[in-house]
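Worksheet: one structure, shown below.
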Amino acid sequence: MLLLIPGSLYAFSVTLFPRIELDASFAQLLYWITSTGTAPYGIATGIVILIACYRSLPRPQFLRLVLAVSISMAATLSLNHFLKPFFAEARPYAALLAQESLLNSDDFYQHNKTDKRAMISTAVEQLQLARTDINLSPAIKGHWQHEVGYSFPSGHTLFAVTLALVVSFYLLLAGQTLLPIALFSWAIAMGFSRMWLGMHWPQDVLASTVIGGIITGGSIALMHLLTTRVSWMQKLSANG
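When you line the sequence shown up against this note's numbering, it's residues 8 to 247, in that order.
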């Protein structure tokens, strides 16, 4: 289900940016969705989800969930940090600015973060003069200036998909369905927001969803292995 939408967009070479008014209420809603995965708000999102799980799961199951989430989040952060400079893919908004001859995307990514933010600020001001059909809300303009790293993979999507899958696994085992549905909807909306706001290409969201699934499987398997090992050692100690 998570792969269907970005996979279809990628297969049919459809891009979602720029297709909406970026100063409209809908764009603002997408910005707030994407903010749930942006530091430091992403930390708050994770805490709120864990609190909800604490109230829904038995204590042993909740502790396994917390450990699995910790393992998966460490893996996503590490992988995201490694893959972005490895693939060195420009973001859609940077490609748009380059298309309008307002930014040299090859040169842009060679600068430090402070200089890149200043360059985006200048380029965006020029874009709004050159393209009257593209208007950015202050929040989205600030988001472009803040997110000046490479595009691939989508860290926001990786975060949302991995967290949703790991948490949903343990909740579904406990017979909970409402929160997993909400988490899956949030993960899908996160991917949409990243594409619609010009932050990622469909292939970024698609690949991040696949990677998130792999990390989820690995984290749960490792958690199961650790739990089995601890139980075995406890039994051995009790028998000894």
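Idealized CB from N, CA, C, for every residue including glycine.
Just confirm the distance between the C-beta atoms of Leu9 and Ala194, as a whole number of angstroms; I'd bet it's less than 8 Å. Position 2 of the sequence shown, counted from the start, is the residue given in the question as residue 9. Position 187 of the sequence shown, counted from the start, is the residue given in the question as residue 194. With 8 Å as the limit, Leu9 and Ala194 qualify as a contact, their Cβ atoms being about 6 Å apart.
Considering only C-alpha positions, which residue in the set Gly14, Ala18 and Arg26 is nearest to Gly205? Sequence index remark: in the sequence shown, residue 205 carries index 198 (1-based). Closest option to Gly205, Cα to Cα, is Arg26.
Which residue marks the beginning of the alpha helix (DSSP H) containing Asn87, and which one marks its end? If you number the sequence shown from 1, residue 87 lands on position 80. Start and end: Arg66 to Phe94.
Determine the direct distance from the alpha carbon of Trp208 to that of Leu104, and round the result to whole angstroms. Your numbering for residue 104 matches position 97 in the sequence shown. Your numbering for residue 208 matches position 201 in the sequence shown. Distance between the alpha carbons of Leu104 and Trp208 is about 15 Å.
Taking Cβ to Cβ, would you say Leu143 is nearer than 8 Å to Ala171? On the sequence shown, residue 143 is found 136 positions in, with the first residue counted as 1. On the sequence shown, residue 171 is found 164 positions in, with the first residue counted as 1. The answer is no: Cβ separation not under 8 Å.
Tell me where the alpha helix (DSSP H) around Met206 begins and ends. Counting from one through the sequence shown, the residue named residue 206 turns up at place 199. No alpha helix (DSSP H) contains Met206, which DSSP labels as neither H nor E.
Taking the alpha carbon of Lys123 as the reference point, which residue from Lys148, Pro99, His153 and Glu96 has its own alpha carbon closest? The residue labelled residue 123 in the question sits at position 116 within the sequence shown. Checking every option, the nearest Cα to that of Lys123 belongs to His153.
Going by CA-CA distance only, name the one from Val155, Phe159 and Ala81 that's closest to Ser117. Counting from 1 along the sequence shown, the entry for residue 117 is found at position 110. The sequence shown places Gln at residue 117, rather than the Ser named in the question. Answer by Cα proximity: Val155.
Backbone CA spacing between Asn111 and Thr139 [nearest angstrom]: Counting from one through the sequence shown, the residue named residue 111 turns up at place 104. Counting from one through the sequence shown, the residue named residue 139 turns up at place 132. Rounded to the nearest angstrom, the two C-alpha atoms are 21 Å apart.
Buried versus exposed, by CB contacts within 10 Å (16 or more), Leu71: Locating residue 71 in the sequence shown gives position 64, where the first residue counts as 1. Per the sequence presented here, residue 71 reads as Arg, with Leu not at that position. Buried, since its Cβ has 16 or more Cβ neighbours within 10 Å.
Smallest Cα separation from Leu180: which of Asp30, Pro65, Leu23 and Ile50? As a first step, residue 180 is located in the sequence shown; it is residue number 173 there, counting from the start. Among Asp30, Pro65, Leu23 and Ile50, the Cα nearest to that of Leu180 belongs to Pro65.
Is the CB-CB distance between Ala59 and Leu186 below 8 Å? Stepping through the sequence shown from its first residue, residue 59 is reached at position 52. Stepping through the sequence shown from its first residue, residue 186 is reached at position 179. Yes, they are a contact pair.
Considering only the alpha carbon of each residue, which of Tyr100, Tyr157 and Thr216 lies closest to Gln135? As a working mapping, residue 135 is identified with position 128 in the sequence shown. Of the candidates Tyr100, Tyr157 and Thr216, the one whose C-alpha sits nearest the C-alpha of Gln135 is Tyr100.
Comparing C-alpha positions only, which one of Phe176, Phe166, Gly182 and Ala130 sits nearest to Ile50? Here residue 50 is taken as the residue at index 43 of the sequence shown, counted from 1. Of the listed residues, the one whose Cα sits closest to Ile50 is Phe166.
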